[in-house]
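Whatever position you read off the sequence shown (first residue = 1), add 1344 for my numbering. Take a look at the structure below.
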Amino acid sequence: WEVYPGKCLPRTFMPEYLVDLDLEDNELEKLWEGTQLLTNLKRLKLAGSYNLKELPDLSNATNLEKLDLTNCTSLVEFPSSIGNHQKLVCLLLDFCPNLQVVPLSNMASLDSLRMWGCWQLRKFPDISTNVTELTISDRMLEEVLPESIRPCSRLDDLTIHGSAWGFPEEGFSDRNGTADIERIPEWIKHLHVLKELRIYCCPKLVSLPELPRSLWLLDVLECESLETIYLPFDSEFRYLSLPNCLKLGREARRAITQPSFWAYLPGREIPEEFNHRAIGNSLIIPSGFSRCRICAVVTPIQEIMEDFFIFVCRISINGSSSEKHIVDDLRKIRSEHLLIFPEEFLDEDGWALEHDKEILFEFSNPSQDVSITECGVQILMDETDKSRSSYGSYEDKDENLSDGGYESCSEQVFEDDDENLSHGRSYESCSEQIYEDDENLSHGSYEFDARRVNVL
């Protein structure tokens, strides 16, 4: 029942047998008068209820599993009765800027909590140790979060949004002068089961601390001042995405030497580690190997209007047996970037391809928003499949990262060059589209997920 025009649901409305109630983008100021029988209700969606000032008594909704209050911008109070729900799994409170109190201490079943844009929140709520997925605003890190998040022993997915991430055309990005964070607190390394960390649009963020060894995905977007990162190269870390982070120093460069890494970061030239290189969007090399890494320089042709674009890698062996690798969620960029990913070539018996075969790599973008100006392949031998690095950082900045001129990183000592410091660039504010997956209670497709590299 989307876009409901009234200020209150009719008196004849009887939700007793409803399982799923969707009232997205409505004009409601309140749902109904009094108390309704809601024992069968499992999902209640009120996203975009901009005029909704209060929620009704939901104490009878004892089977409620998902509550979506995204963009309920007039909502001030969160009913205490909801805090006692024992089956609520997913709670979405994004962009409820006037919400002040959220009682969640008794929600033992809560698994996914999203509450970025709740800038008037007086105190970060005490949340269950069972929460595995958390999305917050950056200010919560410094002001209220540390003591509340430490008990989250199962937290494996953390997303942090900065002030520039929002809907400025709606005026929601005004945070009453709240300062952006410059650093992520050190205690994040104690989240021992954290697997995915996403940090979006924190323009003053300068450095990332040591990250948990459990981490395997780091997605940092539009952090224009970011200079220093610590990556757990000797752990299970696999996916690195740093679009439009042009001030990063040599630690990010080390990612291109890691054989099993999937990386997306600024750069204009194919790194020297990729010994087979070509100008343009195609490359032919002889076979006789089982593993390699593929690199492409992705260059924007025009302003990319969508938040994401599609990258296609077509691989043909002796003119046949072609296959496609499609990455359909690469974030838009405003300068040249490198896309690097591993690949295996095995025959039906699991052996490396014979030497008399040729492998053709072709890269493209269906929307023609970007072009592939260079490409390269690095042959991987068995012994290179071992991590050669451990934790570390380089705080010095290097012109070659912002300009894309990567040098070989293996076993080299780099010298500081103060004259070549990158000055960064100006950035636009970010915007977001929220998509839902009712089955998986996921973040939505705007999240970077390198696992969505499909083999067709």
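For every residue, glycine included, the Cβ atom is placed at its ideal position computed from N, Cα and C.
key: Separation of Pro1469 from Trp1376, as counted between CA atoms   = 27 Å
task = Within the same chain, show all residues whose beta-carbon is closer than 8 Å to that of Pro1553, passing over the 5 residues directly before and after it, in chain order.
result = Arg1527, Ile1528, Pro1529, Glu1530, Ile1532, Lys1533 and Tyr1574
query = Taking C-alpha atoms, which residue in Cys1440, Asp1401, Ser1403 and Ser1569 lies nearest to Ser1418?
reply = Cys1440
Per DSSP, cross-strand counterpart(s) of Ser1679 = Answer by DSSP bridge pairing: none, since Ser1679 is not bridged.
ask   = For Leu1812 versus Leu1435, is the C-beta distance shorter than 8 Å?
value = Absent from the structure is residue 1812, since the part of the chain shown begins at 1345 and ends at 1800.
inquiry  = Quick check: the Cα distance between Leu1538 and Leu1590, rounded to an integer number of angstroms?
reply    = 26 Å
inquiry  = By DSSP's criteria, Leu1411 is part of a beta bridge. Which residues make up the other side?
reply    = Leu1388 and Leu1435
ask   = Based on Cα-Cα distance, which residue from Asp1401, Val1420, Asn1415 and Glu1421 lies nearest to His1429?
value = Asp1401
Sequence-distant residues of its chain with Cβ nearer than 6 Å to Met1484 (five each side left out) = Phe1468
query = Does DSSP put Arg1483 in a helix, in a strand, or in coil?
reply = helix
query = In this structure, does DSSP put Ile1614 in helix, strand or coil?
reply = coil
task = Output the boundary residues of the beta strand (DSSP E) element that contains Cys1507.
result = This sequence places Ser at residue 1507; Cys is not what is there. Unbroken run through Ser1507: none, as it is neither H nor E.
inquiry  = Is the separation between the beta-carbon of Leu1627 and that of Tyr1608 shorter than 8 Å?
reply    = no
task = Compare the Cα-Cα distances from Glu1360 to each of Ala1391, Gln1380 and Ser1425 and report the closest residue.
result = Gln1380
query = In the structure shown, what three-state DSSP assignment does Trp1560 receive?
reply = coil
ask   = Measuring from the CB of Leu1674, is there a heavy atom of the ligand MG at a distance below 7 Å?
value = Annotation note on the ligand MG: not contained in the displayed structure, which lists no ligands.
request  = Under the assumption that Thr1503 contacts Thr1479 (Cβ atoms under 8 Å), give the Cβ distance between them as a whole number of angstroms.
outcome  = 4 Å
Member of Lys1668, Ile1638 and Ser1679 whose CA lies at the smallest distance from the CA of Arg1658 = Lys1668
query = Where Asn1442 and Ser1424 are concerned, what is the direct C-alpha to C-alpha distance, given to the nearest angstrom?
reply = 17 Å
task = Please name the residue in Asn1588, Leu1561 and Arg1458 whose C-alpha comes closest to that of Glu1571.
result = Asn1588
ask   = Ends of the beta strand (DSSP E) at Ala1622?
value = His1620 to Ile1623
ask   = Can you list, in chain order, the residues of its chain whose CB lies under 6 Å from that of Asp1672, leaving out five sequence neighbours each side?
value = Ile1654
key: Close Cβ partners of Leu1562 (< 6 Å) along its chain, the five nearest in sequence each way excluded   = Leu1541 and Leu1584
task = Measure how close the beta-carbons of Phe1689 and Phe1633 come, nearest whole angstrom, since I'm counting them as under 8 Å.
result = 7 Å
ask   = Which value, in whole angstroms, describes the spacing of the CA atoms of Asn1395 and Leu1413?
value = 12 Å
inquiry  = Does Trp1531 come out as helix, strand or coil in the three-state DSSP assignment?
reply    = helix
task = Please list, in chain order, all residues of the same chain as Glu1706 whose beta carbon is under 6 Å from its beta carbon, the five residues on each side excluded.
result = Ser1626 and Arg1658
inquiry  = Using C-beta distances below 6 Å, list every residue in its chain close to Glu1368, excluding the 5 sequence neighbours before and after it, in chain order.
reply    = Glu1346, Lys1389, Ala1391 and Gly1392
inquiry  = Given this structure, state the Cα-to-Cα distance separating Ser1631 from Ile1703, to the nearest angstrom.
reply    = 6 Å
ask   = In terms of residues, what are the limits of the beta strand (DSSP E) holding Ala1452?
value = Element bounds for Ala1452: n/a, residue is neither H nor E.
Secondary structure of Ser1634, DSSP reduced to three states = coil
task = Look at the alpha carbon of Glu1617 and the alpha carbon of Ile1638, and state the distance between them as a whole number of angstroms.
result = 11 Å
key: DSSP-derived helix/strand/coil call for Ser1424   = helix
inquiry  = Tell me the rounded alpha-carbon separation between Val1433 and Gln1646.
reply    = 42 Å
task = In angstroms with no decimal places, state the Cα-to-Cα distance between Asp1438 and Leu1565.
result = 19 Å
task = State the Cα-Cα distance for the pair Val1642 and Lys1386, rounded to the nearest angstrom.
result = 45 Å
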